[in-house]
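*Asks:* Would you mind keeping the following structure in view while I ask a few things?
Numbering (UniProt numbering), first residue to last: 1 to 204.
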């Protein structure tokens, strides 16, 4: 499986980091070794002093496809979860200043926390959108709703499949809302869709 991530898909998040909103989806990949499943701890990496959480809604691809057209895009995913794109912000900042790629800030071992997947139809609100949030030590630190995304789920499927063949089991991180922030050793993070807890992760 591969992990495909979408950057700056919420305008307010782009603004909080003083980044421009991209004209097309900003994509980057994480290897399968980045996966961190629900309930497992994350050990604070030695190469960063500024580790940040970024909560996101995840899509799980349910069948293989490429060059997918809009009318069929929703056929390629039927489960969602919540995840955390852990980011070494100081490392990312240094890479960006040098004009270098920033995989070492985002694609390291266990940098992609992935919650338990549930049927998408079970978690949509009355408007068809998905509410999601992250708590740190019991206090809400990030909240989002998928209707605020710049590029929708279906449009992401269409765009991504132009460049990467989607395989069953692949996971798409669809972007984070505003409110990203640091974690420290001893913190406990919990991710929710609606009021349903789907991800627990402690920082060791």
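Ideal Cβ positions, reconstructed from N, Cα and C, are used throughout, including at glycine.
Pairing CB atoms from the region 65-73 with CB atoms from the region 195-204, are three or more of them under 8 Å?
*Replies:* Cβ pair count under 8 Å is below three, so no.
*Asks:* Below 8 Å on the Cβ atoms is my guess for residue 2 versus residue 29; work out the distance and round it to an integer in Å.
*Replies:* With 8 Å as the limit, residue 2 and residue 29 qualify as a contact, their Cβ atoms being about 6 Å apart.
*Asks:* Could you tell me which uninterrupted alpha helix (DSSP H) segments, each at least 4 residues in length, are contained entirely in the region 86-142, listed from first to last along the chain?
*Replies:* Qualifying alpha helix (DSSP H) stretches, in chain order: 89-98, 103-106.
*Asks:* Decide if residue 165 is buried, meaning its Cβ has at least 16 other Cβ atoms within 10 Å, or exposed.
*Replies:* Residue 165 comes out exposed.
*Asks:* How many angstroms separate the CA atom of residue 54 from the CA atom of residue 13?
*Replies:* Going by the C-alpha atoms only, they are around 10 Å apart.
*Asks:* Assuming residue 79 contacts residue 118 under a Cβ cut-off of 8 Å, what Cβ separation, rounded to an integer in Å, is found between them?
*Replies:* Confirmed, Cβ separation roughly 6 Å.
*Asks:* Taking only runs of the beta strand (DSSP E) that begin and end inside the region 37-74, which ones reach a length of at least 3 residues, in chain order?
*Replies:* Correct list: 51-53, 55-61.
*Asks:* Using three-state DSSP, classify residue 77 as helix, strand or coil.
*Replies:* The answer is strand: DSSP assigns residue 77 an E or B state.
*Asks:* Enumerate in chain order the residues of its own chain whose CB-to-CB distance from residue 156 is below 7 Å, with the five nearest sequence positions on each side excluded.
*Replies:* Hits under 7 Å: 6, 25, 172, 174.
*Asks:* Would you give the residue range spanned by the alpha helix (DSSP H) that residue 153 belongs to?
*Replies:* 153-163 is the span of the alpha helix (DSSP H), which, as asked, contains residue 153.
*Asks:* Just to confirm before moving on: does the CB-CB distance between residue 34 and residue 125 stay below 8 Å?
*Replies:* Contact: no.
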